[in-house]
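Structure record follows, encoded as structure tokens.
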Amino acid sequence: MSPIAVIITIAAYFLVLFTVSHLAGRKADNAGFFIGNRSSKWYMVAFAMIGSTISGVTFMSVPGMVDPKAFSYMQMVLGFFVGQLIISFVLIPVFYRMKLFSIYEYLDERFGVSTYKTGAWFFFISKVLGASVRLFLVCLFLQMMVFGPLNIPFIFNVVATVALVWLYTRQGGVKTLIWTDSLKTFCLILSVVLTIYFIVKNMGLDFSGMVSSIRGSDLSRTFFFDNPKEGTYFWKQFLAGIFTMIATTGLDQDFMQRNLSCENPRDSQKNIITSGLVQLVINLLFLMLGVLLYLFIDSKGITRPEKSDELFPMVATQGYLPLAVGILFIIGLISSAYAAAGSALTALTTSFTVDILGIKNKSEVQIKSTRKNVHIGMAVVMGVVIFVFNLLNNTSVIDAVYILASYTYGPILGMFAFGILIKRSVRDKFVPYIAVLAPIICFFLQKLTIAVWDFHFGYALIIVNALITMLGMWLVTTKTLPPNPLKGE
């Protein structure tokens, strides 16, 4: 595809997106920005959440990863669903009863201000890194397809990309995101389904032939029980999926901001379970697409790309399939990437404003002014991190996302798990040191187990990280009974 064709496709998409954003967020106040006035319909939130959880990383990396790892990712996806059930029936009731703007306010009520600020800062670091990695992938594609051929430096690509995210989220926050993410979800699902259709048609297969081809391929192996030392081992992936979902969704201001925008906890639970079931199907479609892409290029004698992340964009945009596939790929990629980046920017703005700067005893006008300034600041920070990541990148992007999550979300998971499961108070002032030490210990423990036993924790490192955090908190417990946040103690 030519740069002009890519620009026209993106411009048409954003014209629709900005129209929806303006209509949805033109009357939003601070409560609308932070929690959507708790008036969102659960089925709209469920549909919107699909577009947010399936980012540009999923769109480009998951199809390509079937070559080295087959369908092993589905083991983690199954864990994701179990994690969503735990979020629905354990966390949602607690957060609704406490009527929180930010979920990290729970840590303040349960432990104290030091733990509260620690959780907020770890979320801030986690979300900035994770969102930037996801948006970085889009910047790479745009550089390859648009900015590179026009001899425009990467820095201008980053500025333009982040500016677009800032523009459509600056007014309505969560209230806007529910509607814009619904649009993106529709575009995402449509692009994947129609891309599969065009590939199958080009290969001369019908539906049963497609299923037979995928099932007959070694790339479709799903369950791995044979080698516990490998990162693809079932129980590592499944358990990592459960705790990664709890940490990166249930304890993530980004996603919980949407879930808490429903009218009541029961509707929020319906939303989480429904979106979880649909995400199982969508991730399976991405893996099926990956097998079909490899079968397609092998049948045509096309050289496999050096990086697996490049498989889908190469086949979709280099003229191997009809132009419609390239257009669908761009729409799907932009939809998924900007859904994740937009929600992350809104969540970062909320958490930094509410948790780190504080809004107590401030007027609506003061909060709105602070929130708008923070929103600009968060966009700038994301842009800087994307540019730096471009200089340092040396791994598959989806691996980078989950490796980062293992180190940065682990302490958050440990703090919340301790608060909910263990009925003891802690010496609040020591928690920040424990939260910083836990990932450092994990890093060296990972190096040790690989060197001595050739044992890889893989994505399950997040569980180890959380357990070390909980152990550290146990060592600084006190004999006094903890406050009960639900009773206002």
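Residue 419 in numbering that gives the first Met the number 0 sits at position 420 of the sequence shown, with consecutive numbering throughout.
From the three backbone atoms N, C-alpha and C, an ideal C-beta is built for every residue, glycine too.
Counted as a single uninterrupted DSSP element, the stretch harbouring G147 is not any alpha helix (DSSP H), since DSSP gives it neither H nor E.
Cβ neighbours of G376 within its own chain (closer than 6 Å, five residues either side excluded): none. Using a C-beta cut-off of 8 Å, the segment 197-206 makes no contact with the segment 420-439, since fewer than three inter-stretch Cβ pairs fall below that distance.
With contact defined as three or more Cβ pairs closer than 8 Å, the segment 227-237 and the segment 68-88 are in contact. From the listed residues L332, T248, G63, L444, the smallest Cα separation to G82 is found for T248.
Counting only the Cα atoms, A459 lies some 21 Å from L286.
With a 10 Å radius around the Cβ and a threshold of 16 neighbouring Cβ atoms, G208 comes out exposed.
The three-state secondary structure of V475, taken from DSSP, is coil.
When C-beta atoms of the segment 215-225 are compared with those of the segment 3-12, fewer than three pairs fall below 8 Å, so the two segments do not count as touching.
Here S424 carries a strand assignment [DSSP, helix/strand/coil].
The Cβ neighbour count for A323, taken over all protein chains shown within 10 Å, is under 16; the residue is labelled exposed.
In this structure I461 touches L412 by the C-beta definition: roughly 7 Å separates them, less than 8 Å.
Contact between T243 and A45 does not hold, since their C-beta atoms are separated by about 20 Å, which reaches or exceeds 8 Å. Between W120 and A378, the C-beta gap is not smaller than 7 Å, which leaves the two residues out of contact. A distance of 7 Å or more separates the beta carbons of M381 and V145. For T477, the number of other beta carbons within 10 angstroms of its own is below 16, and it is reported as exposed. Cβ neighbours of F88 within its own chain (closer than 8 Å, five residues either side excluded): Q268. When C-alpha distances from V430 are compared across I213, V112, I366, the shortest belongs to V112. Assignment of I301 by DSSP, reduced to helix, strand and coil, places it in the coil class. According to the DSSP assignment, H374 belongs to the alpha helix (DSSP H) that extends over 363-391.
The C-alpha of T352 is placed about 7 Å away from the C-alpha of V373.
Distance check between K306 and each of V5, F13, V65 places V65 closest, using alpha-carbon atoms only. Residue burial annotation: R257 is buried, with at least 16 other C-beta atoms found within 10 angstroms of its C-beta.
Residue nearest to W41 within the set L187, L259, F17 is L259 (criterion: CA-CA distance). In this chain, the alpha helix (DSSP H) harbouring A130 covers 112-141. Looking at the backbone, the Cα of F110 and that of D251 are separated by about 18 Å.
In the DSSP assignment, P321 falls outside any alpha helix (DSSP H), carrying neither H nor E. Here L332 is near F58, since their CB atoms are less than 7 Å apart.
The beta carbon of G240 sits closer than 6 Å to those of M75, G78, F79, all from its chain and outside the five residues before and after it, given in chain order.
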